[in-house]
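Okay, so here's the structure we're looking at.
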Amino acid sequence: MSRVTERLTCLLAPTTVAHAHCDIPCGIYDPAGAVLAAQTVAKMVDLIGAIEGDSVADRNKFARCVAVKEQHAELVKHEVQVIWSDYFKPEHLTANPDLHTKVWNLLKLAGKNKQNVDADAAAQLQAAVKEFADIFWSTKK
Amino acid sequence: MRPGIEPGDWLLVDPTTRRWPRRGSIVLVREPGSDTLVLKRVAGRPGDPVRLGLDAETHRLGPGEAWLLGDARDVSIDSRRYGPVALDRLVGRAWFRYGPAGRPIGPLVRASGLTRR
């Protein structure tokens, strides 16, 4: 590009930017992150239950597993909330009228997994996230 | 707003617009909630019926209210999310594309599907 054209372009180019406001990257949603995070929570519950000793190394492992469980339960909530609020539209609710209740229960389950070390709660969370993912994929058919 | 407008398009906006333009026109508005400048199409004007929510109940848009939709209907965040948009959020009507190089120059086309119900 010649310098004149370049200058002209600079002069003419708009200074205000407007968005069309989709989510960026545009329309890419995937519940896989939530599924993986729920699996991680369950795995951490297993690992925490398997710690027997009381050595510094054991206590360090215990603390790390609890921290990861906490983080990934929070990640489940975040991933699910984003898809729930940003992806699902009224027409999806027509086909899945109990979606709100399901998400609400799922988020409460994630909270329960933060509060406790409970293999049943972890399995329930995994099942709830899988069901949520299935609903998501059913809207893509 | 694909395919009507591509990212990077240079648009002229008429800031003197005081009323919602005709259905199918593209408007620049301050998005409810975020206050971001966004481009949307007018799908309903004050007094027009729109269907809200799951029960497909029909409501009439109030004075000064518009129903705005993005062209990329499956991913757009628009009135289906934030509801009717009040007139004080209208910044102007986008009416002309003047660049950049390689993009067609000329008035923006109103969407024919939105001009009649």
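Line by line, the protein sequences give chains A and B.
The opening residue of the first sequence carries number 1 in this note's numbering; numbering runs sequentially from there.
The opening residue of the second sequence carries number 1001 in this note's numbering; numbering runs sequentially from there.
Ideal Cβ positions, reconstructed from N, Cα and C, are used throughout, including at glycine.
Note: B:G1099 is bridge-paired with B:W1010 in the DSSP secondary-structure output. When the Cα atoms are used, A:T15 and B:L1090 turn out to be separated by approximately 19 Å.
Among the residues of the region 77–96 of chain A, those with a Cβ less than 9 Å away from any Cβ of chain B are S85, D86, Y87, K89, P90, E91, L93, T94, in the order of the chain. For the pair B:P1021 and A:E91, the Cα-to-Cα distance works out to about 28 Å. Residue contact with chain A for B:W1010: present (Cβ-Cβ distance below 8 Å to some residue of chain A). Three or more beta-carbon pairs drawn from the region 1083–1099 of chain B and the region 1005–1024 of chain B are found closer than 8 Å, and the two stretches are therefore classed as touching. Counting C-beta pairs closer than 8 Å gives fewer than three between the region 108–118 of chain A and the region 1039–1047 of chain B, which falls short of the contact rule. Listed along the chain, the chain B residues whose CB falls inside 8 Å of the CB of A:T16 are L1037. Within the DSSP bridge table, the entry for B:R1089 names no partner. Counting C-beta pairs with one atom in each stretch, the region 95–102 of chain A and the region 128–141 of chain A have three or more that are closer than 8 Å, which means they touch. Ranked by Cα distance from B:R1097, the options B:P1032, B:E1031, B:I1026 are led by B:I1026. B:H1059 has B:V1050 as its beta-bridge partners, per DSSP. Of all residues in the region 1071–1089 of chain B, those with a C-beta nearer than 7 Å to a C-beta of chain A are A1072, D1074, V1075, S1076, I1077, R1080, reading in chain order.
Taking a beta-carbon distance threshold of 8 Å, B:G1024 does not count as an interface residue toward chain A. Of all residues in the region 97–128 of chain A, none places a beta-carbon less than 7 Å from a beta-carbon of chain B. Looking only at A:W137, A:P97, A:V76, the smallest Cα-Cα distance to A:A37 is reached by A:V76.
By the Cβ-count criterion, A:L8 is exposed, with fewer than 16 other Cβ atoms from all chains shown falling within 10 Å of its own Cβ. At a cut-off of 8 Å, the C-beta of B:G1099 has a neighbouring C-beta in chain A.
Contacts with chain B at 8 Å (Cβ-Cβ) include A:L12.
Against chain B, the CB of A:H19 has a partner CB under 8 Å away; the residue lies at that interface. Cβ-Cβ separation between A:A42 and A:A122: approximately 4 Å, consistent with a contact (criterion under 8 Å). Distances from the alpha-carbon of B:G1070 to those of B:V1029, B:G1106, B:P1100 put B:V1029 closest.
Any Cβ of chain A closer than 8 Å to the Cβ of B:I1105 would place that residue at the interface, and such an atom is absent. Judged by DSSP in its simplified three-state form, A:P90 adopts helix. The beta carbon of B:P1107 sits closer than 7 Å to those of W1095, F1096, all from its chain and outside the five residues before and after it, given in chain order.
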